[in-house]
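One structure below.
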């Protein structure tokens, strides 16, 4: 390592070329084609452990290559494409992991592709290069690892088209890979994304210089077509907001030379991107790789998405980016949902990222922390995670935080948690709605051996929950639990949250759809202190259990214990067990006297379908 | 009219050609160019009134033409591009209005454009056709009208690029046009939309057959380029949701002939759109019109958008489409906001339309009703509108409806409205938040001569309010009043709505920012019936004023009269006048005894900044 460089860089690196020995019949591809030889360009960072068990495979996107991090020479000003993510102390920590990335099959950066020499003819493959699939690309990655003597992958990580490769790793090489991190990706392209690729290919093959793919050595190549395809791509990689912020309608000073050119900065940006791309990329590779991406369709391949994941053994982290419209968050959620529905271990996280699809490349702070936490946690079990302090830098109160609500945590939390734990039998499957930092789940895992899933709205809470080795989904209870199949949990917990949701009735119904029993705690508006407060002062009650002013309370659906019981009765919900809770001496005395609706400050109930 | 056709069609129509006489120096264009001759193709429907005061000018979009409605022959199966909107009894009712549409300058459907013969050379203009602007296009429309003896326009209507022309009508010909309807448009293209046009032009001018614009008579034309530009366009005209619904990832049965073609239906759709367009459109026209659209920028032209509208006299209706990402709703809202800020008469409506930008062409039901109502109302004054029954088909309760809330209307509404009217002096400027069907505004207009603006969330309410001759904005109080300048109203009314908003405190502050005084009515939670209910039954109160169950109430921030007064005091709000209201005899007696917080079921207050 060059000591002058910042410590976090992997420093000077070089691309290696592996010639993978093939059987005499060559490499048969999924589309029926055959390659007589296979060469793979790759880079690696960090040190392979003696047990060879610290391998992280990075899968690159459409126009990426094996040069992920570091620089190729001391003068090189352009580090690899994911330098922010890969390096000592970074999201993929090279002091711990051996990170490796191979240029994809069909590419043009050293791995066998259409511009490679076909040994049978001594000329570039050109139009004779066979069709490839994502499955082929991942198989070549595995062949490379085998060639290097690596027989297990700690994690496969990739964004965009790289995320599709990660899915293939998890599905087709399930005994080989332990963790999968799929970022801003999809189990198949959306119709809109497909449409943009279709136009991109159209403009390339319409370029007369393409010559049906055999342009090598003609002195011409379909630069206009490839540049236009790249311009379309670059529009889709950015969110409209970022496009406006970066360029708006600002104009350059110079007068455009070409008729119908404009002075808009966004025009010179797109033209620059097109020109730069043409210098470094091969049109046939672009056609082959986008074709592989467009035809990738896990649901079609396996009947449906859930079936696609049935043999998955890896723990999954699925990350979506809020402003990504090329691979919209719903598509990541579909992946995560199908994994949940297949009973797999998966966390899903939607990162607020204004940059659009490119955010996974350029705005990696939170993503890197999530990835590092996921990779670190996966080696600990739940009990180890329990009392580990939160990472510095995460918004780290240990209090439960109702989704959508700010403000101080309700009182009695730890006491309530202990009572909740008492209601749950060992080894149960538990869903915790509004799981906060995952403390309750982690405690239940440690003391009761439960398996569980948390739901929370806050990414920092998610990171902390993942850090405790628990699975967690980002989501808003108000948007429903539609992704969870009927009766897939034994218990679902809703602690001090019912009163902040928009549709409490629907939430209760959903809870008893997804789980055998629900455990709910709510503040009791009919507590004697509240009655006295309203009755004598004529003002809205405030108390330890409902500590907010009327105008900024998150408690938008307050109810009394009796109201709650009334709703349960009306909706066919059986209240199996009731624990009236109170901190004040009078409250406790009233509860003891059986006057629960008057005495209880909070109530904790276990409910089932009647 | 052909009697076999449905009654609503305008029937058989034909395109007329007007040769507009020009001065000897020709038509000088804004960009400095000159045209030696001017021919305009147009169609008209309906009958010009003797007073020539029923003219509705339709402005067409990028690839449209003058053939708006009806058919060109009995065998013609393809009616004009807005046949759903124009005809007897339709949104633009041809039994009432004389509807006229001209093909734009620079077009290729009969109006002078790059493919027209340049009389100076006897050959098509080609590369010699001068640059045009939206201003030029609208000036030519006005020249056509003058040529036809028309000196006033009842309304100018247009969507997309047509909406830009409508803006020019309102700004540049302010004495000429009485009403402007601007649909799914913008005062300048967004950066993203600009970027797509830039790529579209790039692929056309990169097509070798373009020949720098002089391809006429060469036997070749840049079909590949134009088709690809059109394919890009078609992606942007549809919402991603509709693309998925229409095509998904469905495949055709046939095997694609071309390498890198796919079997996806969306590919054949896009190719078909490209091929069809090439048959009917001229590449140079596409370049010129998109260039005019891209360089149109009202804010740049006038310093800022507000200044652009300073001389507007027409009443505006600005309509946005919810799923339109090419001309996103924010851009329509910017137009409407700038008009409000310039003190102009404007209504703004966001129509829920899943179809994307194309919705104004293909999903016109609600849009047509809004347009018809706006055109009809504009001739009545507010008092006439007052007792007119709602149009059949509109969801027409006269009750006020808090934004975001369902359920029955609160009691006492009409009584409260009368008391509110008492608090407002004649000729005041009034903003009504949650205006429902506009009854209160219309009554205030009729009885107090106020001018006003309503705000509501429900499009059907908006249609009814517009029908009463009042201006109205679609909006959610929770999203703020940011579009309204400080102190632009005398009164702002918030009737039975404060308790349903998410941030009551911020709403009160906003109210007193935009208006001199606020008039607020809220239910009083401390009313004796509520206290007794909670105190004795231990259940959440329900009453006439708060008639909902705890679990589905829209009243998420209930307060007592005293609480409300407390907040006002804390926030420097002066409560100028208080009207405690009660329906029950005991309530009225308690109020009379001065026990307002105990007696009042509702309170009505007038507030100002202390």
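Chains as they are written, first to last, in the numbering used here: chain A, 5 to 614; chain Y, 5 to 614.
Heads up, the beta-carbon is just placed ideally off N, CA and C, and yes, glycines get one too.
Let me confirm a value: residue 447 of chain Y is counted as buried when at least 16 other C-beta atoms fall within 10 Å, else exposed. Which label applies?
Classification for residue 447 of chain Y: buried.
Let's see if you can read the secondary structure: which residues bound the beta strand (DSSP E) around residue 350 of chain Y?
Its beta strand (DSSP E) spans residues 350-355.
Strand pairing of residue 97 of chain Y, partner residues [DSSP]:
DSSP links residue 97 of chain Y through a beta bridge to Y/91.
Contained beta strand (DSSP E) runs [length at least 3] in the region 486-543 of chain A, N- to C-terminal order
Under the rule that a run must span 3 or more residues, the beta strand (DSSP E) segments found entirely inside the region 486-543 of chain A read 493-499 and 519-527.
Nearest-angstrom Cα distance between residue 362 of chain Y and residue 504 of chain A?
Rounded to whole angstroms, the gap between the alpha carbons of residue 362 of chain Y and residue 504 of chain A is 39 Å.
Given residue 277 of chain A, which residues of its chain have a CB within under 7 Å of its CB, disregarding the five upstream and five downstream residues?
Within the same chain, residue 277 of chain A has close Cβ partners 234, 235 and 238.
Quick test of your reading: residue 491 of chain Y and residue 509 of chain Y, contact by CB under 8 Å. State the CB separation rounded to the nearest angstrom.
Actually they do not touch by this definition, with Cβ atoms about 20 Å apart.
Given this structure, state the Cα-to-Cα distance separating residue 557 of chain Y from residue 249 of chain Y, to the nearest angstrom.
Residue 557 of chain Y and residue 249 of chain Y have their C-alpha atoms spaced approximately 35 Å apart.
What are the residues in the region 556-568 of chain A lying within 8 Å of chain Y by C-beta distance?
Within the region 556-568 of chain A, the residues whose Cβ lies closer than 8 Å to some Cβ of chain Y are 556, 557, 560, 561, 562, 563, 564, 565, 566 and 567, listed in chain order.
Between which two residues does the alpha helix (DSSP H) holding residue 12 of chain A run?
Taken as a continuous stretch (DSSP letters only), residue 12 of chain A belongs to no alpha helix (DSSP H), as it is neither H nor E.
Quick check: residue 208 of chain Y and residue 226 of chain Y, are their CB atoms within less than 7 Å of each other?
Yes, these two residues count as a Cβ contact at 7 Å.
Measuring straight from C-alpha to C-alpha, what distance separates residue 284 of chain A and residue 137 of chain A?
In this structure, the straight-line span from the alpha carbon of residue 284 of chain A to that of residue 137 of chain A is close to 22 Å.
Determine, using beta-carbon pairs with one atom in the region 25-35 of chain A and one in the region 60-76 of chain A, whether at least three such pairs fall under 8 Å.
No: fewer than three Cβ pairs fall under 8 Å.
C-alpha distance - residue 158 of chain A paired with residue 501 of chain A, whole-angstrom precision
The straight-line gap from Cα to Cα measures roughly 38 Å.
Closest to residue 299 of chain A by C-alpha separation, out of A/583, A/182 and A/195, would be which residue?
Among A/583, A/182 and A/195, the Cα nearest to that of residue 299 of chain A is on A/195.
Do residue 610 of chain Y and residue 581 of chain Y have their beta-carbon atoms positioned less than 7 Å apart in this structure?
Closer than 7 Å, so yes.
For chain A, check one thing: does any of its Cβ atoms lie closer than 7 Å to the Cβ of residue 264 of chain Y?
So yes, residue 264 of chain Y belongs to the interface.
Does the distance from the C-beta atom of residue 539 of chain A to that of residue 539 of chain Y stay below 7 Å?
Contact flag set, yes.
7 Å Cβ cutoff, residue 198 of chain Y in contact with chain A:
Cβ-Cβ to chain A under 7 Å: yes for residue 198 of chain Y.
Would you mind stating whether residue 335 of chain A and residue 135 of chain A have Cβ atoms separated by less than 7 Å?
Between residue 335 of chain A and residue 135 of chain A, the C-beta gap is not smaller than 7 Å, which leaves the two residues out of contact.
Would a check of beta-carbon distances place residue 601 of chain Y closer than 7 Å to chain A?
Taking Cβ atoms only, chain A reaches closer than 7 Å to residue 601 of chain Y, which makes this a yes.
Residue 228 of chain Y and residue 210 of chain A closer than 7 Å at C-beta:
It is a contact, given that the beta carbons lie within the stated cut-off.
As assigned by DSSP and simplified to three states, the class of residue 106 of chain A
Under the three-state reduction of DSSP output, residue 106 of chain A falls in the strand class.
Measuring only the C-alpha atoms, how far is residue 48 of chain A from residue 115 of chain A?
Cα to Cα, residue 48 of chain A sits roughly 15 Å from residue 115 of chain A.
Just to confirm before moving on: does the CB-CB distance between residue 91 of chain A and residue 14 of chain A stay below 7 Å?
Here residue 91 of chain A is near residue 14 of chain A, since their CB atoms are less than 7 Å apart.
Quick check on DSSP: helix, strand or coil for residue 584 of chain Y?
The answer is strand: DSSP assigns residue 584 of chain Y an E or B state.
DSSP three-state assignment for residue 478 of chain A, whether helix, strand or coil:
When secondary structure is reduced to three states using DSSP, residue 478 of chain A falls in the strand class.
Quick check on residue 155 of chain A: does DSSP put it in helix, strand or coil?
Coil at residue 155 of chain A, not helix or strand.
Taking Cβ-Cβ distances below 8 Å as the criterion, which residues of the region 519-533 of chain A are in contact with chain Y?
Under the 8 Å Cβ criterion, the region 519-533 of chain A contributes 529 and 530.
Does the distance from the C-beta atom of residue 22 of chain Y to that of residue 113 of chain Y stay below 7 Å?
Not in contact: residue 22 of chain Y and residue 113 of chain Y (Cβ atoms no closer than 7 Å).
Under DSSP, the beta strand (DSSP E) around residue 318 of chain Y begins and ends at which residues?
That residue, residue 318 of chain Y, is in no beta strand (DSSP E); it is neither H nor E in DSSP.
Could you tell me whether the Cβ of residue 271 of chain A comes closer than 7 Å to any Cβ of chain Y?
Residue-level contact check: residue 271 of chain A touches chain Y, since one or more beta carbons of chain Y fall below 7 Å from its beta carbon.
Residue 612 of chain Y in three-state terms, based on DSSP
Strand at residue 612 of chain Y.
Since I believe residue 549 of chain A is in contact with residue 606 of chain A (beta carbons under 8 Å), could you give me their beta-carbon distance rounded to a whole number of angstroms?
Going by Cβ atoms, the distance from residue 606 of chain A to residue 549 of chain A rounds to 5 Å, so yes, they are a contact pair.
Leaving out the 5 sequence neighbours to the left and right, which residues in its chain are closer than 8 Å to residue 242 of chain Y when beta-carbon positions are compared?
Within the same chain, residue 242 of chain Y has close Cβ partners 250, 359, 360, 361 and 362.
Under 7 Å Cβ-Cβ, which residues of chain A neighbour residue 228 of chain Y?
Ordered by position in chain A, the residues that pass the 7 Å Cβ test against residue 228 of chain Y are 210.
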